[in-house]
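Data first, discussion second: the structure below is written as structure tokens.
Numbering (our numbering), first residue to last: -11 to 1098.
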């Protein structure tokens, strides 16, 4: 089996048959080896390296054909490695991330793919720095033909950072033998299993410095990961020689009942010891930054609470103390002497307490009120009605202990006794009198007759005055009484004489007869008298004044109609007739109600409210603001109209007060004002001018409404729906102008503005008259004119134009056709009025005859310069020819007929134009035809535009030049034949693959007119062979950290050396035909040394490598 694409082989097949024999070779590659060797591409079937062999190498970095060059004429394209990314940046653990890396794609020539599988491998150069793993991966591939290729990919994998939790600072005492393990250790977590770490620390200063001088010990922790990442932290051992300080917090208790509770805070974390009533026997009572202590059932008396703290370093602070007192006994109360058991007016009661207390007192033991605090108290009672009372006093001390309530009973008597003369025979004018005196309570009675000294005349409830041998004339007996409380009764007197006329009582005219709660009446007497009054009972009278004028008033008279009876008794005891005064008490407020109907929602900006009252009253009204009442009438009925109000919710308020000042409860009523009418807006497209007898209108409303429509009339409404949207469709309407109107009325009767739209209906087509045109027109354009019976739009069309074009609007029109060819044509006119009614199509046929003679040159104008001007032409018809040179303004006759010609050979260099036209028999002058030519008799010139390179390594040479005009270039290399090599202003020529040695390049310009310019020449020497470097000593396979390499070059060259990586670490390492390199301090591992040479021509040789292990 033959599987090498570069190893020649041959097959000779032959055989025999009856009356015949045959033979032919096989497996031979035939090619014309006389062809030039030119650079090409792999597998092109050409000799690319001038060794008379074709496609003889594969890409393997080896000189397969032993011609001193490597991989220069390949049989196939080498494989290509396609990397997704040249540089891959990843995060994670390298062992896991590497498994996820994708292999690159490989593209191989089909020929090689059929010869065997592709072998892909790689070599990694791995190193780490700052927890980043750097991988320089060289991918290597070998296809089925043996072609080799490589590609380098950079992979960077950043390891996850380690997590470190360092111990907190430690505070404590410095003591000999201190266990430094209290400092703790860092906690380290690594994300990758293969990662390792180390933990170290260093203490400064020594422990003795903390003991002697109280200096802080600093411990510097250093955590280092195996990948090189380092995290440091400074931890401190803080010396503690300060005991904790304790402060009480919260509301401190100084007096408690049985349970005591106290809280405190410490300046640092500590354990606490507590004691009660002396620090001799402390007990633990908590730990931390604060604590609370409590105790129940502590005996009465004074106590002291003690507490102190000891911090974590063993420092014990001083005790702090808090005194308090336990008190479970209520205060003792007693009244202070002297105490009154009977009083005619205000009562003062005093008491004392054995301790500070808050007092409660009152006449009801179930409802005592605060009445002072301290150790003594008093209460002043006034306005007490006559009667017997018990006064109670209680107390609560400062901590809530209650005292036993004490009581004192007393009686109030502030009413003087009422005395009167008892029933007896009326005193006479004789000298003897016997008058009984009565008192309503126990009292001492004293009597005086005719201003004589008072003498006792009784004690108790009854008394008697007896006098004899009285002188004649007027007499007066005065009786006084004093009760046990010292209240003195109003003296009563009795006068008598021979006067038998009794006094008459007259009530003051115009007295009010209606009162709210306290009636009042006044009167006059015909003589001085003592007045007695009675309410609603004319048998039980009470004294109500004396004199010639009197008045009566009374509190708390019940509601209703009452009669006041008044009578007078004169000085002589004559009792006058009883007078009466009728009045009524009214303490009920008037009952007022608003009359229906009451507005709920109104379209008016004002509202009128009416009301009715069960009695005469005075009224005040307000709207919305109750601080702005206004008077709004009086009587048993009323009405009030509000001022103009804005739209929205409003509230009406009404108050009433009767004649005696009773205020009725305020009334209110809320209602809404809506004066905004619905607003309609048409929606959709409104008709303007239409040819449809039916139309539909749609609209929207700003609110819910009933719609009313009108068509052409404002007196014939048409109900047309309700809601917030509406529509209406007309019936068959006549051709004319029409107006549609519509308005909306909302729920409250607000009628919105009318919206309307006017449009025209026109279903009649317009009448059109087209002016007559000649049957034949001797012009390229035809003019048409017409009139329409009404405004319309016009559309014109010619011949086969189906669509036509717009050609005006209005009641008349005209149309000028475009330039038409000779022959028969048809004009069509379509007329459409504004509403789309179409008139019958109008057609008009006509002929156009506008033929002009056309001049056609026998040859086109030349695009290249010529040495003279010469041209012939033909005419489309018989014509007289006119010619003009350069400008088409001055024509001269130049022949006639159907053919003609023009010749000039004396024109200067430059561009020239010849104009030729013809005139036919009917005078139609044709358009001039133009023939242009550029004359040129000056040869072109050249100059090289590239740099002269007398020595070159390139396989081919490229020359560039520039001409002073557009030319055609003729090129020649060495002794080869001259050939075309381009045209234009600038030129370029690349030589074929020439052998090394001296060469000559020549180029000659020829312009478009055939003028030949002067030849340019360039000479150079070609050197394309790179230096061949070979080792002169035998490099070792294994070495120590120092090794020497020596080599020799096939020609003088400058050398470059590299270690391991030829891409980044290449350095100069000498020049000449030999070289030497000494490597020292090499790291252990596999190493590769590279060297190559570059000759004077710049040819760079192949790297020569040597792999070994250090």
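From the three backbone atoms N, C-alpha and C, an ideal C-beta is built for every residue, glycine too.
Query raised in the report: For the beta strand (DSSP E) that contains residue 90, what are its first and last residues?
Result: Where residue 90 is concerned, there is no enclosing beta strand (DSSP E), given that its DSSP letter is neither H nor E.
Query raised in the report: Excluding sequence positions up to five away, which residues of its chain have a Cβ less than 7 Å from the Cβ of residue 258?
Result: Hits under 7 Å: 232, 275, 297, 298, 299.
Requested in this report: Would you mind sorting residue 484 into buried or exposed? The rule is 16 or more other CB atoms within 10 Å of its CB.
Outcome: By the neighbour-count rule (16 or more Cβ atoms within 10 Å), residue 484 is buried.
**Report entry** Whether residue 825 touches residue 751 by CB criterion (8 Å)
**Finding:** Yes, these two residues count as a Cβ contact at 8 Å.
**Report entry** Cβ-based burial, residue 1095 [other Cβ within 10 Å; buried from 16]
**Finding:** Taking all protein chains in view, the Cβ of residue 1095 is surrounded by fewer than 16 other Cβ atoms within 10 Å, so the residue is classified as exposed.
Query raised in the report: Mapping DSSP to helix, strand and coil, what is residue 871?
Result: Residue 871: strand per DSSP, three-state reduction.
**Report entry** For residue 730, the residue or residues it bridges with in DSSP
**Finding:** Residue 730 is bridged by DSSP to 697, 743.
**Report entry** Those residues which DSSP pairs with residue 309 across a bridge
**Finding:** 294, per the DSSP bridge assignment.
Query raised in the report: Since residue 94 and residue 129 are thought to touch, with beta carbons under 8 Å apart, how far apart are those beta carbons, to the nearest angstrom?
Result: In this structure residue 94 is in contact with residue 129, their Cβ atoms being roughly 5 Å apart against a cut-off of 8 Å.
Query raised in the report: Counting pairs of beta carbons, one from the stretch 609 to 623 and one from the stretch 543 to 550, are three or more of them closer than 8 Å?
Result: At 8 Å Cβ cutoff, the stretches do not touch.
Requested in this report: Would you mind sorting residue 121 into buried or exposed? The rule is 16 or more other CB atoms within 10 Å of its CB.
Outcome: With 16 or more other Cβ atoms inside 10 Å of its own Cβ, residue 121 counts as buried.
Query - C-beta contact flag for residue 768 and residue 836 at 8 Å - result: In this structure, residue 836 lies closer than 8 Å to residue 768 by Cβ.
Report task. Evaluate residue 49 with the Cβ neighbour count: other Cβ atoms within 10 Å of its Cβ, from every protein chain shown; 16 or more gives buried, anything less gives exposed. Result -> Counting Cβ neighbours within 10 Å, residue 49 comes out exposed, since fewer than 16 surround it.
Query - residue 83 in three-state terms, based on DSSP - result: Helix.
Query raised in the report: How about residue 317 and residue 389: do their beta carbons lie closer than 8 Å?
Result: Residue 389 sits close to residue 317, with the two beta carbons spaced by under 8 Å.
Query raised in the report: If you count every other CB in all the chains shown that lies within 10 Å of the CB of residue 695, and 16 or more means buried, which is it?
Result: Answer is buried; the Cβ neighbour count reaches 16.
Report task. Pick out the complete beta strand (DSSP E) segments inside the stretch 585 to 626, 3 residues or longer, and give them in chain order. Result -> For the stretch 585 to 626, whole beta strand (DSSP E) runs of length 3 or above, ordered along the chain, are 596 to 611.
Query raised in the report: Quick one: any contact between the stretch 763 to 780 and the stretch 690 to 704, if contact means 3 or more CB pairs under 8 Å?
Result: The stretch 763 to 780, when compared against the stretch 690 to 704, does not touch it at the 8 Å Cβ threshold.
Query - Same chain only: Cβ atoms within 8 Å of residue 489, ignoring 5 sequence neighbours per side - result: Within the same chain, Cβ atoms closer than 8 Å to the Cβ of residue 489 are found at 515, 558, 562, the five residues on either side in sequence being excluded.
Query raised in the report: Is the CB-CB distance between residue 1132 and residue 741 below 8 Å?
Result: Since the displayed the chain opens at -11 and closes at 1098, residue 1132 lies outside it and no answer follows.
Query raised in the report: If you count every other CB in all the chains shown that lies within 10 Å of the CB of residue 229, and 16 or more means buried, which is it?
Result: Its Cβ having fewer than 16 others within 10 Å, residue 229 is exposed.
Query raised in the report: In chain order, what residues of the same chain lie with their CB nearer than 6 Å to the CB of residue 721, ignoring the 5 residues before and after it?
Result: Cβ neighbours of residue 721 beyond the five flanking positions: 681, 749.
Query - Distance CB(residue 1080)-CB(residue 1039) smaller than 8 Å - result: Judged by their CB atoms, residue 1080 and residue 1039 are not nearer to each other than the 8 Å cut-off.
Query raised in the report: Are there three or more Cβ pairs, one per stretch, closer than 8 Å when the stretch 33 to 44 is compared with the stretch 71 to 82?
Result: The count of Cβ pairs closer than 8 Å, one atom from the stretch 33 to 44 and one from the stretch 71 to 82, stays below three, leaving the stretches out of contact.
Query raised in the report: Who are the near neighbours of residue 471 in its chain, counting only those whose CB is closer than 6 Å to its CB and skipping five residues on each side?
Result: Sequence-distant Cβ neighbours of residue 471 in its own chain, meaning closer than 6 Å and more than five residues away, are 405, 429, 431.
Query - Uninterrupted beta strand (DSSP E) stretches inside the stretch 857 to 914 (no shorter than 3 residues) - result: Runs found: 857 to 873, 880 to 892, 898 to 907.
Query raised in the report: Nearest to residue 799 by CA position, among 809, 976, 774, 959, is which residue?
Result: Out of 809, 976, 774, 959, 774 has the C-alpha closest to the C-alpha of residue 799.
Query raised in the report: Say the cut is 7 Å; is the CB of residue 950 nearer than that to a heavy atom of the ligand SAH?
Result: What this structure holds is no ligand at all, so the ligand SAH is not there to describe.
Report task. Identify, in the order they occur along the chain, each residue of the same chain with its Cβ nearer than 7 Å to the Cβ of residue 711, setting aside the five sequence neighbours on each side. Result -> Correct list, in chain order: 692.
Query raised in the report: Excluding the five sequence neighbours on either side, which residues of its own chain have a C-beta within less than 8 Å of the C-beta of residue 981, listed in chain order?
Result: Closer than 8 Å at Cβ, skipping near neighbours: 24, 25, 26, 27, 36, 37, 38, 943, 944.
Query raised in the report: Just reading off the alpha helix (DSSP H) that residue 1057 is part of, what are its end residues?
Result: Not the alpha helix (DSSP H): residue 1057 falls in the beta strand (DSSP E), residues 1055 to 1067.
Query raised in the report: Is there contact between the stretch 394 to 411 and the stretch 354 to 366, where contact requires at least three CB pairs shorter than 8 Å?
Result: Output reads no: the stretch 354 to 366 does not touch the stretch 394 to 411.
Query raised in the report: For residue 340, does the three-state DSSP call read helix, strand or coil?
Result: The three-state secondary structure of residue 340, taken from DSSP, is strand.
Query - For residue 1095, three-class secondary structure by DSSP - result: Shown here, residue 1095 sits in a strand according to DSSP, grouped into three states.
**Report entry** Collapsed DSSP secondary structure at residue 171 in the structure displayed
**Finding:** Helix.
Query raised in the report: With 16 as the cutoff for other CB atoms within 10 Å, does residue 306 come out buried or exposed?
Result: Around the beta carbon of residue 306, fewer than 16 other beta carbons sit within 10 angstroms, so the residue counts as exposed.
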